[in-house]
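Q:
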Amino acid sequence: MIFVYKNILKKETDNLNFRFTKRQISVPVVISQQEAISIINLMSGKYQLICSLLFGAGLRINEALRLRIKDLDFNNQSIFVFRGKGNKDRCTLLPLTLAPKLKNQINYATRLHHKDLSDGYGLTSLPISLIKKYGNAAKDLSWQYLFASSTRCMHPQDGYICRHHIHESAFRKQLRKAVLASGINKRVTAHTFKHSFATELLRNGADIRTVQELLGHNDVRTTEIYTHVIGSKFGYAKSPLDLG
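Residue numbering for the sequence shown follows full-length UniProt numbering, beginning at 1 and increasing consecutively.
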């Protein structure tokens with residue numbers, strides 16, 4: 001409104017008594033480590049592994065599904081997130097407990113890629129900008145999706161036959177089933193696991209700046225929302241009923 005008055009109507013706003021509204025703090029829904037693991041254990045196969053990455057590495061669902069083989073660094077125990085939220089690149093934790101399953105998934109993706117090559121295909125879906133930059137990267141094993149789709153499809157822009165990653169809706173369907181079976185009476189979505197990742201790190205003493213970096217937040221104030229969840233903003237204050 002101020003922009004309209006100043007730049008379009010060319011009027012001063014000094015006497016209009018404008019007030020800036022304060023940003024409302026929305027506390028995210030989180031689940032405990034025990035609740036997260038109980039849901040994960042009710043899933044199986046690649047869907048269980050994907051859910052484990054959401055909670056264990058703080059990935060958003062689209063970030064997990066877009067992981068390529070090259071993005072896993074077992075030596076440095078890190079996962080590279082390419083063009084995450086805000087089109088930013090970042091690194092996050094690679095849970096050691098998931099290393100064997102991740103390597104098995106790489107083996108599966110490798111076999112799938114070799115089958116595609118033998119059938120005269122073998123291309124993965126890549127943005128046009130990356131195809132121009134890296135040339136034949138679409139056929140390179142390292143660029144193949146970790147969670148590749150079981151079927152080939154046509155690239156929406158270039159029209160070539162390729163193999164994309166599994167669809168987000170397939171994961172959400174499996175997650176809904178697991179949450180229902182767990183009996184947990186909270187609104188649990190894929191994003192809940194990222195919130196719970198951050199909360200568990202802070203609860204266990206991680207520095208808030210480290211958590212900010214792992215999540216890819218531009219502003220630490222975004223990360224500070226999780227302190228409201230664990231109550232750390234109250235310091236050592238206790239309810240009068242708990243004093244004794």
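Don't be surprised by glycine CBs; every beta carbon is placed ideally from N, CA and C.
For residue 162, which beta-bridge partners are listed by DSSP?
A: Its beta-bridge partners are 153.
Q: Let me know the secondary structure DSSP gives residue 241 once reduced to three states.
A: Unreliable positioning characterises residue 241 in this predicted model, as indicated by a pLDDT of 48, which lies under 50. The coordinate reading is nonetheless provided below. If DSSP states are grouped into helix, strand and coil, residue 241 belongs with the helices.
Q: Entirely within the region 50-105 and at least 3 residues each: give me those beta strand (DSSP E) ranges in chain order.
A: If we require 3 residues or more, the beta strand (DSSP E) runs fully inside the region 50-105 come out as 78-81 and 90-93.
Q: Which residues mark the beginning and the end of the alpha helix (DSSP H) in which residue 177 is found?
A: Per DSSP, residue 177 belongs to the alpha helix (DSSP H) from 168-182.
Q: Hey, could you find the ends of the alpha helix (DSSP H) residue 199 is sitting in?
A: Segment 190-203, the alpha helix (DSSP H) holding residue 199.
Q: Please go through the same chain and pick out, in chain order, the residues whose beta-carbon is closer than 7 Å to the beta-carbon of residue 211, but skip the five residues on each side of it.
A: Correct list, in chain order: 198, 201, 202 and 223.
Q: Here's the rule I'm using: 16 or more other beta-carbon atoms within 10 Å means buried, otherwise exposed. How should residue 240 be labelled?
A: The predicted model places residue 240 with a pLDDT of 49, which falls under 50 and marks its position as unreliable; any figure quoted below should be read in that light. Looking at its Cβ environment, which holds fewer than 16 other Cβ atoms inside 10 Å, residue 240 is exposed.
Q: Following the continuous alpha helix (DSSP H) through residue 228, name the residue where it begins and the one where it ends.
A: Residues 225-230.
Q: In chain order, what residues of the same chain lie with their CB nearer than 8 Å to the CB of residue 27, ignoring the 5 residues before and after it?
A: Excluding positions up to five away in sequence, the list reads 225, 228 and 229.
Q: What span of residues does the alpha helix (DSSP H) with residue 209 cover, start to end?
A: Segment 208-215, the alpha helix (DSSP H) holding residue 209.
Q: According to DSSP, is residue 108 helix, strand or coil?
A: Helix at residue 108.
Q: Could you check whether residue 175 and residue 58 sit closer than 8 Å to each other, using their CB atoms as the reference points?
A: No, Cβ-Cβ distance for residue 58 and residue 175 is not below 8 Å.
Q: Between the C-alpha atoms of residue 153 and residue 117, what's the straight-line distance to the nearest angstrom?
A: Near 15 Å, if we compare the C-alpha coordinates of residue 117 and residue 153.
Q: Is it the case that the Cβ atoms of residue 196 and residue 55 are separated by a distance below 8 Å?
A: It is a contact, given that the beta carbons lie within the stated cut-off.
Q: Around the Cβ of residue 73, are there at least 16 other Cβ atoms within 10 angstroms (buried) or fewer (exposed)?
A: It is exposed - the Cβ of residue 73 has fewer than 16 other Cβ atoms within 10 Å.
Q: Have a look at the DSSP bridge pairing and note the partners of residue 145.
A: Its beta-bridge partners are 68.
Q: Quick check on the burial criterion: 16 or more other C-beta atoms within 10 angstroms. Buried or exposed for residue 123?
A: Residue 123 comes out buried.
Q: Start and end of the alpha helix (DSSP H) containing residue 137?
A: No alpha helix (DSSP H) contains residue 137, which DSSP labels as neither H nor E.
Q: Can you give the Cα-Cα distance for residue 168 and residue 193, rounded to whole angstroms?
A: Using only the alpha carbons, I get a separation of about 15 Å.
Q: Would a C-beta distance cut-off of 8 Å place residue 99 and residue 144 closer than the cut-off?
A: No; because the gap between Cβ atoms is not below 8 Å, this pair is not in contact.
Q: Kindly identify the DSSP beta-bridge partner or partners of residue 124.
A: Bridge partners of residue 124: 163.
Q: Return the residue from the list 80, 156 and 183 that minimises the CA-CA distance to residue 67.
A: Of the listed residues, the one whose Cα sits closest to residue 67 is 80.
Q: Within the same chain, show all residues whose beta-carbon is closer than 7 Å to that of residue 155, passing over the 5 residues directly before and after it, in chain order.
A: Correct list, in chain order: 125 and 162.
Q: Using the Cβ count rule (16 or more neighbours within 10 Å means buried), how would you classify residue 90?
A: Under this definition residue 90 is a buried residue.
Q: I need the boundaries of the alpha helix (DSSP H) containing residue 250, first residue and last residue.
A: Given a span of 1 to 244 for the chain in the structure shown, any question on residue 250 remains unanswerable.
Q: Is DSSP giving residue 187 helix, strand or coil here?
A: It is coil, neither helix nor strand.
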